[in-house]
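Worksheet for the structure shown next.
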Amino acid sequence: MFEDMELDRGLRLGLENLGLETPTPVQAAAVPALIAGSDLRISAQTGSGKTLAYLLPALQRILAEPASRKSGALAVVLVPTRELARQVLKNCRDLAAKTPLNAMALTGGADFKYQKSELRKNPEVIIATPGRLLEHCEKGSADLASVRTLVLDEADRMLDMGFRDEVLQIAAFCPPERQVVLLSATLNHAGLGSVAQALLQQPQTINIDPPRSASEGIRHQHILADSPSHKDALLAALLQQQEFRRALVFANQRSIAERLANQLAGGELKTACLHGELTTEERKAVMTRFRDGRIQVLCASDLAARGLDVPDIDLVVNYDLPRSGDDYLHRTGRTGRAGAQGLAISLVGANEWNLMISIQRYLKLELERSAVPGLKARYQGPGKVKSSGKAVGPKKKKTDKTAAAKKKQRARDQKSRGKHRANVSADGFAPLTRARPKPAAGGNPDSESPGDK
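Those letters in the sequence shown? Residues -15 to 437, by my numbering.
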């Protein structure tokens, strides 16, 4: 229970207003350790309450030891995307609503001068994307000399996006005695080891759930499709037939997400598109309308797969299968959060069958087969499958060129080609002599015959 934790009264009131009484497993494990001052490496399922697990102790440390208003930022949270930054900012403000603490977000795409003016107010908490915060640090508008807690949220994602150097440079602007919290979907990500070694001191590790496990509250299905036009019809039918409050539709490409949003816009459901090419203000406006319920269906690229914590997302549709099992977890993790129930449906073409099998094996998860009445696919899976479940591909025919390449070519055979080969005797040394013709009757057997000349 949160009542058993040593927390400031303002934070307790914030928890009450949020309706939070019992901590999740990751919160119960992380909050006491962080309040005690330990560095942590945390891995837990999406939707498990990781954000509150680091915000609560970070705010508690600031409230327990108040600092001068001119001391600059006291807690910094680095995140990979603007959407996640806004989500964490909202969570932080809700939690700190009954305290004197202020928080702000620094992300790319927003007005730099306006951010600079807001930093002059010395907010205690900064939630930022690495590139923009580093820019403020280098130009002297952000002061991190008094930072007590540095959080790397979705650290694996930041490394994948190429922010490793920026993260290390930002850490260098912080004092060496700061506390560091590293959160990642999996702690085995390539590159995390060197970052953790450089930034964390004697860290504890909290691994609540296996990184490859899906939430128990999500039902996973797949529907076979024959073509993109068939997928379009399936998607339209699903959105008409399924009961949901909000739905997310994921595509692998921005152009496909835009096309789907345009196609669905003429229907009864309010639809919008979210991708990385939108400006910060456009993305913020889309997410505000989605949270407020003015948009029921959001078509998105993988940009929206991480960090979106929108309540009442009941349905996730993978128009395109994600490229990996981890991406599948992040996409489908937008539903079934905090104990709620959700449905994840993947539309699978013949060229995606093997990818689906790989995702299932990686996650140890079965995507049950489903269908839409009247839109059953002609494709019903591969005719022959391997023991793994993947389709058996056609055997490659050996071409004449391949066969010729495999034939051994010996140098001595090449040298002798076209040359007369001498007869060899039985002992293998002396050449055979021609048999002499029989002499004519009465002739001299020792006389030369015309063939001997």
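We put the CB at the ideal spot given by N, CA and C, even for glycine.
Identity of the residue in the options nearest residue i by Cα
i      : options                           : result
GLY367 : THR133, GLN344, LEU359 and TRP337 : TRP337
ALA48  : ARG104, LYS370 and GLY21          : GLY21
GLU67  : ALA355, ILE297, LEU258 and ALA361 : LEU258
THR113 : LEU36, GLU150, LEU171 and LEU103  : GLU150
THR8   : MET(-15), ILE19, LEU24 and ILE26  : MET(-15)
ALA284 : LEU327, SER239, ARG273 and ASP296 : SER239
LEU143 : GLN344, LEU128 and LEU62          : LEU62
LEU167 : ALA209, SER27, GLN325 and LEU85   : SER27
ALA37  : LYS54, ASN1, LEU359 and ASN75     : ASN75
HIS19  : ASN106, LEU331 and GLN163         : Reading off the sequence shown, one finds Ile at residue 19, where the question assumed His. When only C-alpha atoms are compared, the closest one is GLN163.
GLN11  : LEU40, GLU0, GLY3 and GLY93       : LEU40
ALA334 : GLY365, SER101 and ARG307         : GLY365
ARG230 : LEU327, ALA198, GLY358 and TYR346 : LEU327
GLU200 : ARG278, THR319 and GLY377         : THR319
ASN246 : GLY260, ALA220, MET271 and ALA269 : ALA220
GLU5   : LEU73, GLU(-13), LEU152 and VAL15 : GLU(-13)
PHE234 : GLN186, ALA355 and PRO306         : PRO306
ALA13  : ALA182, VAL135, GLN188 and GLU122 : GLN188
GLU261 : ALA241, THR272, LYS100 and ALA139 : ALA241
ARG116 : ALA209, LYS100, ALA139 and ASP304 : LYS100
ARG353 : GLN325, ALA209 and ARG278         : ALA209
The beta strand (DSSP E) enclosing residue i, as first and last residue numbers
i      : result
PHE234 : 230 to 234
LEU203 : Reading off the sequence shown, one finds Arg at residue 203, where the question assumed Leu. Here the beta strand (DSSP E) through ARG203 covers 202 to 208.
THR319 : Careful: THR319 lies outside any beta strand (DSSP E) and carries neither H nor E.
ALA328 : 326 to 332
Coil, strand or helix - residue i by DSSP
i        : result
ALA284   : strand
ASP95    : coil
ASP(-8)  : coil
ALA410   : Low confidence applies to ALA410: its pLDDT is 46, below 50, so where it sits in the model is not reliable, and the reading given next is rough at best. ALA410 falls in the coil class under three-state DSSP.
GLY435   : Note on GLY435: pLDDT 43, under 50, position unreliable in the model; the coordinate value appears next. Looking at GLY435 - three-state DSSP - the assignment turns out to be helix.
THR189   : strand
ASN106   : coil
VAL63    : coil
ALA256   : strand
ASN172   : coil
ARG132   : coil
ALA89    : strand
LEU152   : helix
ALA28    : coil
VAL488   : Since the first and last residues shown for the chain are -15 and 437, residue 488 lies out of range.
GLY3     : coil
LEU219   : helix
ALA57    : coil
VAL301   : strand
ALA375   : strand
ILE240   : helix
ALA112   : strand
MET(-15) : coil
GLU119   : helix
CYS158   : coil
PRO306   : coil
ASP78    : helix
SER178   : helix
LEU73    : helix
Integer Cβ distance of residue i from residue j, believed to fall under 8 angstroms
i      : j      : result
ARG45  : ARG132 : 6 angstroms
LEU253 : GLN280 : 5 angstroms
ALA69  : THR91  : 5 angstroms
MET145 : PRO50  : In fact, because the Cβ distance is near 36 angstroms, the residues do not count as touching under 8 angstroms.
HIS214 : ALA361 : 7 angstroms
ILE111 : ALA81  : Not a contact, Cβ separation roughly 16 angstroms.
ILE329 : LEU222 : 6 angstroms
GLN185 : ASP23  : 6 angstroms
ALA198 : LEU347 : 6 angstroms
Span of the alpha helix (DSSP H), counted from its first residue to its last, around residue i
i      : result
GLU265 : 264 to 276
GLU352 : First-last for GLU352: 352 to 354, but that is the beta strand (DSSP E), not the alpha helix (DSSP H).
ILE19  : 9 to 19
VAL294 : That residue, VAL294, is in no alpha helix (DSSP H); it is neither H nor E in DSSP.
VAL164 : No alpha helix (DSSP H) holds VAL164; the beta strand (DSSP E) holding it covers 163 to 167.
ARG362 : Element bounds for ARG362: n/a, residue is neither H nor E.
LYS34  : 34 to 48
ARG141 : 139 to 144
LEU347 : 337 to 347
Closer than 7 angstroms to chain B by CB, residue i
i      : result
ILE190 : Protein chain content of the structure displayed is limited to a single chain, and chain B is not contained in it.
Using 8 angstroms as the threshold, is the region -10 to 5 in touch with the region 171 to 183, meaning 3 or more CB pairs across them?
no
For the region 340 to 353 against the region 364 to 378, do three or more pairs of beta-carbon atoms, one drawn from each stretch, fall closer than 8 angstroms, so that the two count as touching?
yes
Are the region 178 to 192 and the region 291 to 299 touching, with three or more C-beta to C-beta distances below 8 angstroms?
no
Decide yes or no for the touch test of the region -1 to 8 against the region 53 to 62: beta carbon pairs closer than 8 angstroms, at least 3 of them.
no
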